[in-house]
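Working notes for the structure below.
Encoded structure:
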């Protein structure tokens with residue numbers, strides 16, 4: 004079987020309020036104001052597909068939020084999204100590989116984040132056979148193309164794949180191409196799933 008794991012809030016906890024908190028400290032704009040103006044719109048999606056640079060993304064997002072930040076300040080906040088590893092998921096991934104299954108990570112991410120998390124959480128790459136990143140594939144979840152690219156690269160039909168993600172739209176996208184998909188709603192989802200369906 005091919006097991007496909009999302010990164011954020013599946014393997015590594017993330018929290019965008021931490022990002023906004025850092026930007027608030029730098030800009031003196033109230034956190035509540037930033038929470039209202041922060042949206043994952045077109046610049047966010049283009050950044051995740053690798054269509055715009057980190058610097059261009061920072062500029063567009065700051066403009067849309069009326070934020071005055073240097074690129075360094077923007078980047079410092081952007082990397083604050085990562086909270087910590089879920090070791091129980093790393094254990095599951097390692098056990099699946101030991102049993103002969105193929106284990107990969109599929110993440111909507113961006114170049115700026117990939118300068119941070121691989122070195123901060125080396126356990127992720129150590130527990131996966133491959134890490135697929137949206138900006139390298141030129142597509143992002145829930146677009147059908149990204150799932151198809153992973154299946155083709157891995158040589159598995161959709162019927163032999165299981166996908167775990169915390170985003171309901173991404174789950175629907177994977178289901179649309181025929182992949183069994185599990186919505187990760189909290190830290191118990193994965194352990195509970197494998198307890199009921201032994202690997």
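Residue numbers (this note's numbering): 4 to 202.
Glycine included, each C-beta is placed from N, C-alpha and C at the ideal position.
No experiment lies behind these values; they were computed from the predicted model shown.
- Considering only 175, 95, 55, 180, the residue with the shortest C-alpha distance to residue 6 is 95.
- With at least 16 other beta carbons inside 10 angstroms of its own, residue 80 counts as buried.
- Counting of Cβ neighbours within 10 angstroms places residue 168 among the buried residues, the total reaching 16 or more.
- Here residue 110 is buried. Its C-beta has 16 or more other C-beta atoms within 10 Å.
- Considering only 150, 157, 156, 198, the residue with the shortest C-alpha distance to residue 183 is 150.
- Within its own chain, the residues whose Cβ lies closer than 7 Å to the Cβ of residue 126, once the five positions on either side in sequence are excluded, are 88, 93, listed in chain order.
- Less than 7 Å separates the beta-carbon of residue 8 from that of residue 14.
- Counting only the Cα atoms, residue 85 lies some 9 Å from residue 119.
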